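Undergrad:
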Amino acid sequence: MILLFKSKHCIWCDLVRDMLQEELVSLGIQVTVVEVDIERQEVFSEVYGVRMVPTLMSTAHTLCGLPSESDLRSLLLRESTGDASLEPDGASSFLSSAMQLRREKPHVASSVSKEREMPVLSLTTEKQMECSADRLSGSPLLRTRCMDTESS
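Per numbering that gives the first Met the number 0, the very first residue in the sequence shown carries number 0; after that it's consecutive.
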C-alpha cells in the first residue's frame with residue numbers, strides 16, 4: 000500500500016498522482032494507493048509525521064515533494080517486492096496503524112489563527128497535556144491552551 004498525502008491547494012499533488020499511476024501501469028505492478036487529504040484528515044498527517052505535500056509513503060520508505068522518475072520507480076519496486084505489512088486489510092489496516100501510532104507517539108497541540116493562517120505548534124505527550132478550547136465571541140480565532148500537568 001502506498002499513501003499519497005495531498006491537499007487541494009497543492010499544485011504538485013495531481014502531477015504526482017498522475018506520475019504514480021503512469022509508473023504503476025508501466026511497471027505492471029498492482030499496489031493499492033490511498034489518497035489522504037491532509038486538510039480533511041489531519042490526524043493521519045500528524046500521526047505519520049507528514050509536514051509537506053505531496054508526500055508518498057510506503058511501508059518503509061517516504062518521498063516528499065515532486066519525486067524524480069527514478070526515485071518513484073525505486074519506491075514502487077521496493078514496495079511491490081518488500082514487506083507489505085499495511086497491505087492485508089487495506090484501508091482498515093491503515094486506520095488501525097494510525098491509531099496505534101497515535102497512542103505511541105507524542106501528540107501535537109496547535110493554536111491556529113484563521114486571520115493569519117499561521118499554526119503555532121507545541122509538542123507534548125498525552126499525559127502532560129490538558130487542553131481546553133475557547134471560541135472568542137465574534138472572532139474567527141480559535142485558541143487551544145495546553146498546560147504541562149506535571150509541572151503544576
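We treat Cβ as the ideally placed atom computed from N, Cα and C, and that holds for glycine.
From a predicted model like this one, the values you see are computed outputs, not experimental measurements.
Is M18 helix, strand or coil by DSSP?
TA: On the sequence shown, residue 18 is found 19 positions in, with the first residue counted as 1. Helix at M18.
Undergrad: Please state whether DSSP places L2 in a helix, a strand or coil.
TA: Counting from one through the sequence shown, the residue named residue 2 turns up at place 3. The answer is strand: DSSP assigns L2 an E or B state.
Undergrad: Could you tell me the boundaries of the alpha helix (DSSP H) in which L76 lies?
TA: On the sequence shown, residue 76 is found 77 positions in, with the first residue counted as 1. L76 -> alpha helix (DSSP H) spans E68 to T80.
Undergrad: Using three-state DSSP, classify V35 as helix, strand or coil.
TA: Here the question's residue 35 lines up with position 36 in the sequence shown. Reduced to three states, the DSSP call for V35 is strand.
Undergrad: Quick one: measure Cβ to Cβ for M56 and G64, integer angstroms, because I've assumed they're closer than 8 Å.
TA: In the sequence shown, counting from the first residue as 1, residue 56 sits at position 57. In the sequence shown, counting from the first residue as 1, residue 64 sits at position 65. The pair is not a contact, with the Cβ atoms about 13 Å apart (cut-off 8 Å).
Undergrad: Which residue from S79, V32, I28 and E45 puts its Cα closest to that of V15?
TA: Taking the sequence shown and counting its residues from 1, the one referred to as residue 15 is at position 16. The candidate whose alpha carbon is nearest that of V15 is V32.
Undergrad: Report yes if the CB atom of L3 is closer than 8 Å to the CB atom of L19, and no otherwise.
TA: For the purposes of this step, residue 3 is taken as the residue at position 4 of the sequence shown. For the purposes of this step, residue 19 is taken as the residue at position 20 of the sequence shown. Yes, the pair counts as a contact, with Cβ atoms nearer than the cut-off.
Undergrad: Compute the Euclidean distance between the alpha carbons of C9 and P53, then round it to the nearest angstrom.
TA: Position 10 of the sequence shown, counted from the start, is the residue given in the question as residue 9. Position 54 of the sequence shown, counted from the start, is the residue given in the question as residue 53. So the two alpha carbons sit approximately 7 Å from each other.
Undergrad: Report the rounded CA-to-CA distance for S112 versus D13, giving the unit in angstroms.
TA: As a first step, residue 112 is located in the sequence shown; it is residue number 113 there, counting from the start. As a first step, residue 13 is located in the sequence shown; it is residue number 14 there, counting from the start. At S112 the pLDDT is 36, less than 50, meaning the model places this residue with poor confidence; the figure from the coordinates comes in the next sentence. So the two alpha carbons sit approximately 28 Å from each other.
Undergrad: For I38, count neighbouring C-beta atoms within 10 Å of its own C-beta (all shown protein chains included) and say buried if the count is 16 or more, exposed if not.
TA: Sequence index remark: in the sequence shown, residue 38 carries index 39 (1-based). Note that residue 38 corresponds to Glu in the displayed sequence, not to Ile. So E38 counts as exposed.
Undergrad: Is it true that the CB of R72 sits closer than 8 Å to the CB of E41?
TA: The count along the sequence shown starts at 1 and reaches residue 41 at position 42. The count along the sequence shown starts at 1 and reaches residue 72 at position 73. Result no, Cβ atoms of E41 and R72 do not sit closer than 8 Å.
Undergrad: Leaving aside the five residues before and after D70 along the sequence, list all residues of the same chain whose C-beta is less than 7 Å from its C-beta, in chain order.
TA: Translated into positions along the sequence shown, residue 70 becomes position 71. Only L62 meet the Cβ criterion.
Undergrad: Can you give me the C-alpha to C-alpha distance between L74 and T58, rounded to a whole angstrom?
TA: What you label residue 74 is simply residue 75 of the sequence shown in a count that begins at 1. What you label residue 58 is simply residue 59 of the sequence shown in a count that begins at 1. Those two C-alpha atoms are separated by around 10 Å.
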